[in-house]
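Below is one structure; the comments refer to it alone.
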Amino acid sequence: MTPGNMPLRAKVASSVSRTAAALSRAAGRGDGSVIGGWIGLKIDPQLLSHLAAGRQMALVSGTNGKTTTTRLTAAAMGVLGEVATNSLGANMPTGHTSALARAGHTPYAVLEVDEHYLDQVIGATEPRVVALLNLSRDQLDRAKEVAMMASLWRDALRDVPTHVVANADDPMVVWAARGATKVTWVASGQRWHDDSWVCPECGSHIERPNATGRVDAEWYCTACDLRRPVPQWSVDGDAVVDPAGVRHLVSLQLPGRVNRANAATALAVAADFGVRVTDALPRLAEVTSIAGRYATVRRDGRTIRLLLAKNPAGWLEAFDMAEPAPTLLSINARDPDGLDTSWLYDVDFSPLRGRRVLITGDRAMDLAVRLEVNDVPFEHVTSFGRAIAAVPPGRLEVIANYTAFQDIRAELDRVN
Ligand SMILES: [Zn+2]
6 MTPGNMPLRA KVASSVSRTA AALSRAAGRG DGSVIGGWIG LKIDPQLLSH
56 LAAGRQMALV SGTNGKTTTT RLTAAAMGVL GEVATNSLGA NMPTGHTSAL
106 ARAGHTPYAV LEVDEHYLDQ VIGATEPRVV ALLNLSRDQL DRAKEVAMMA
156 SLWRDALRDV PTHVVANADD PMVVWAARGA TKVTWVASGQ RWHDDSWVCP
206 ECGSHIERPN ATGRVDAEWY CTACDLRRPV PQWSVDGDAV VDPAGVRHLV
256 SLQLPGRVNR ANAATALAVA ADFGVRVTDA LPRLAEVTSI AGRYATVRRD
306 GRTIRLLLAK NPAGWLEAFD MAEPAPTLLS INARDPDGLD TSWLYDVDFS
356 PLRGRRVLIT GDRAMDLAVR LEVNDVPFEH VTSFGRAIAA VPPGRLEVIA
406 NYTAFQDIRA ELDRVN
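First residue of the sequence shown? That's 6 in this note's numbering, and the numbers climb one at a time after it.
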């Protein structure tokens with residue numbers, strides 16, 4: 006179905022949704038995509054299905070990296086034509102509805118989906134491809150939630166014709182994906198193992214005999230047949246290796262192995278639509294920061310890079326991405342962050358030993374205690390400005406959780 010022959014109610018809902026979003030933006034209330042989508046869905050509860058019809062869709066979900074991978078996938082798909090996407094990270098059905106309404110008719114769409122809504126959005130949009138990145142705990146919940154999510158995904162993917170592109174290195178993802186009709190495995194890596202020591206199939210221990218220093222090592226259940234599938238796509242140093250075994254040098258403006266893995270997933274998704282790796286790579290190289298993440302800002306002779314870490318797995322990835330330079334850690338515990346900071350004890354901060362560490366944020370003292378336990382020396386600063394003043398000209402890496410990150414972005418005039 007194309008927008009031209011959408012039912013009248015859907016057309017009206019789509020138009021009202023765009024208007025509401027524009028009004029909300031004009032009133033300075035963010036980008037308006039949530040309110041616009043909400044109003045549109047009130048008028049036509051099927052609006053997301055109507056807007057998805059006639060487009061070839063890919064969905065991207067997981068605990069970490071979905072905003073970045075969505076952006077990279079949309080960039081790769083751009084080789085084929087216009088792509089609608091929720092690039093501002095509004096990743097629930099209201100945001101999807103608004104993004105598609107705003108984009109008008111496009112042949113393709115790539116949507117980031119909150120992991121809790123994946124089944125609902127698969128039902129509404131009948132995607133051609135779903136990419137599954139990883140599952141790990143948020144500050145707000147614990148391992149039980151991870152197993153529940155894997156089970157939700159598994160049910161959503163069973164008996165649908167969707168092609169799944171999934172991370173071979175995350176046992177929870179593999180278990181969720183292996184009931185799907187068609188799966189392409191990507192060695193995306195897993196640095197955080199604490200939510201996947203227990204087999205989701207049989208409850209036995211998962212063994213990783215060669216995991217030291219590797220994020221893409223073999224793993225297997227000690228009691229049943231769940232084990233790491235052979236990946237078709239992998240990351241090898243600065244290159245992505247395709248299913249034919251061809252190495253493609255990937256030059257990204259985004260740091261870390263994890264982003265090369267995100268690029269591999271994006272390439273695997275785009276390949277299903279017929280995009281050649283060599284055509285996609287120049288477009289991936291153009292992707293810079295995403296809603297401030299990975300942004301590099303120059304201020305007072307310092308080159309400041311912003312890394313967002315929202316949960317324990319995200320902190321481990323951020324330590325890997327941060328260059329060996331003075332590093333500012335900022336922690337808040339406001340509503341969006343979770344009010345409880347005990348998750349700090351889930352994260353091993355020892356990779357920071359040997360570098361100059363500064364700390365700030367509402368809950369800097371909790372962080373101080375944690376760093377002391379890990380034997381990491383630190384200095385406390387009362388503001389971001391003081392952190393800049395405290396370090397010599399040169400590089401400053403900043404790792405912050407959600408609201409701390411937003412505070413720092415605000416101080417830097419909403420860098421993009
Ligand atoms: Zn098992």
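In this text, a Cβ means the ideal position worked out from N, Cα and C, and glycines have one as well.
*Excluding sequence positions up to five away, which residues of its chain have a Cβ less than 6 Å from the Cβ of A25?*
Within the sequence shown, the letter at position 20 stands for residue 25. Counting only Cβ-Cβ distances below 6 Å, and skipping sequence neighbours, we find I40, G41, I44.
*Roughly how many angstroms lie between the CA atoms of V188 and A182, to the nearest whole one?*
Position 183 of the sequence shown holds residue 188. Position 177 of the sequence shown holds residue 182. It is roughly 7 Å from the alpha-carbon of V188 to the alpha-carbon of A182.
*Kindly examine ligand 1 and report whether one of its heavy atoms sits closer than 7 Å to the Cβ of E206.*
Sequence index remark: in the sequence shown, residue 206 carries index 201 (1-based). Under cutoff, so the answer is yes.
*Mind checking who N172 pairs with in its DSSP beta bridge?*
Here the question's residue 172 lines up with position 167 in the sequence shown. N172 pairs with V191.
_Residues near N421 by beta carbon distance below 6 Å, same chain, minus five either side_ = The residue given as residue 421 occupies position 416 in the sequence shown. With a pLDDT of 45 at N421, under the threshold of 50, the modelled position of this residue cannot be trusted, and the question is left open.
*asked:* Just to confirm my understanding: we take T441, look at its own chain, exclude 5 residues before and 5 after, and list those with CB closer than 6 Å. What are they?
replied: This structure leaves residue 441 out entirely; the chain is present only between 6 and 421.
*With distances taken from CA atoms, which of S19, I127, P356 is nearest L321?*
Start at 1 with the first residue of the sequence shown, and residue 321 comes out as number 316. The candidate whose alpha carbon is nearest that of L321 is P356.
*Cα separation between T217 and E402?*
In the sequence shown, counting from the first residue as 1, residue 217 sits at position 212. In the sequence shown, counting from the first residue as 1, residue 402 sits at position 397. When rounded, the distance between both Cα atoms is 26 Å.
*Would you say the beta carbon of A181 comes nearer than 7 Å to a heavy atom of ligand 1?*
Walking along the sequence shown from the start, residue 181 turns up at place 176. Answer for A181: no, Cβ out of range of ligand 1.
*Whole angstroms is fine: what's the gap from R23's alpha carbon to A296's?*
Position 18 of the sequence shown, counted from the first residue, corresponds to residue 23. Position 291 of the sequence shown, counted from the first residue, corresponds to residue 296. Taking the straight line joining both Cα atoms gives about 21 Å.
*How about A228: is its Cβ closer than 7 Å to a heavy atom in ligand 1?*
Mapped onto the sequence shown, residue 228 falls at position 223. Indeed, a heavy atom of ligand 1 lies less than 7 Å from the Cβ.
*Start and end of the beta strand (DSSP E) containing D325?*
Reading the sequence shown from its first residue, position 320 is the one you call residue 325. Premise fails: D325 lies in the alpha helix (DSSP H), 317-326, not in any beta strand (DSSP E).
*S256: CB within 7 Å of a non-hydrogen atom of ligand 1*: Indexing the sequence shown from 1 puts residue 256 at position 251. No, the Cβ of S256 stays beyond 7 Å of every heavy atom of ligand 1.
*Under the three-state DSSP convention, the category T332 falls into*: Locating residue 332 in the sequence shown gives position 327, counting from the first residue. Residue state, collapsed to three classes: strand.
*State the DSSP-derived secondary structure class of R233, mapped to helix, strand or coil.*
Position 228 of the sequence shown, counting from 1, holds the residue named residue 233. Three-state DSSP puts R233 in coil, outside helix and strand.
*Are there three or more Cβ pairs, one per stretch, closer than 8 Å when the segment 375-392 is compared with the segment 312-320?*
Judged by Cβ distances under 8 Å, the segment 375-392 makes no contact with the segment 312-320, as fewer than three pairs qualify.
_Range of the contiguous alpha helix (DSSP H) that encloses T130_ = As a first step, residue 130 must be located in the sequence shown, where it is residue number 125. Residues 123-130.
_Mapping the DSSP letters down to three states, classify A449 as helix, strand or coil._
The chain is shown only over 6 to 421; residue 449 falls outside these bounds and no answer can be derived.
*asked:* Between which residues of its own chain and T270 is the CB-CB distance below 7 Å, once the five residues before and five after are set aside?
replied: Start at 1 with the first residue of the sequence shown, and residue 270 comes out as number 265. Excluding positions up to five away in sequence, the list reads T74, A136, L138, V170, V191, S193.
*Separation of T78 from M6, as counted between CA atoms*: Indexing the sequence shown from 1 puts residue 6 at position 1. Indexing the sequence shown from 1 puts residue 78 at position 73. Note that M6 scores 48 on pLDDT, short of 50, meaning its location in the model is unreliable; the coordinates nonetheless yield the value given after this. Distance between the alpha carbons of M6 and T78 is about 24 Å.
*Could you pull the start and end residues of the beta strand (DSSP E) that E117 belongs to?*
Here residue 117 corresponds to residue number 112 of the sequence shown, with the count starting at 1. E117 -> beta strand (DSSP E) spans 113-118.
*Hey, V386 and T365: beta-carbon distance below 8 Å or not?*
Numbered from its first residue, the sequence shown carries residue 386 at position 381. Numbered from its first residue, the sequence shown carries residue 365 at position 360. Note that the C-beta distance between V386 and T365 is below 8 Å.
*Can you list, in chain order, the stretches of the beta strand (DSSP E) that have 3 or more residues and sit fully within the segment 230-273?*
239-241, 244-246, 252-254
*Tell me the start and end of each unbroken beta strand (DSSP E) in the segment 353-391 that is at least 3 residues and wholly inside, in chain order.*
Counting whole runs of 3 or more residues, the segment 353-391 contains the beta strand (DSSP E) stretches 362-365.
*Can you find a heavy atom of ligand 1 that lies under 7 Å from the Cβ of S156?*
In the sequence shown, counting from the first residue as 1, residue 156 sits at position 151. It does not: the Cβ of S156 is nowhere closer than 7 Å to a heavy atom of ligand 1.
_Residue(s) in a DSSP beta bridge with I295_ = Along the sequence shown, read from residue 1 onward, the residue named residue 295 stands at position 290. Looking at the DSSP assignment, I295 forms a beta bridge with R298.
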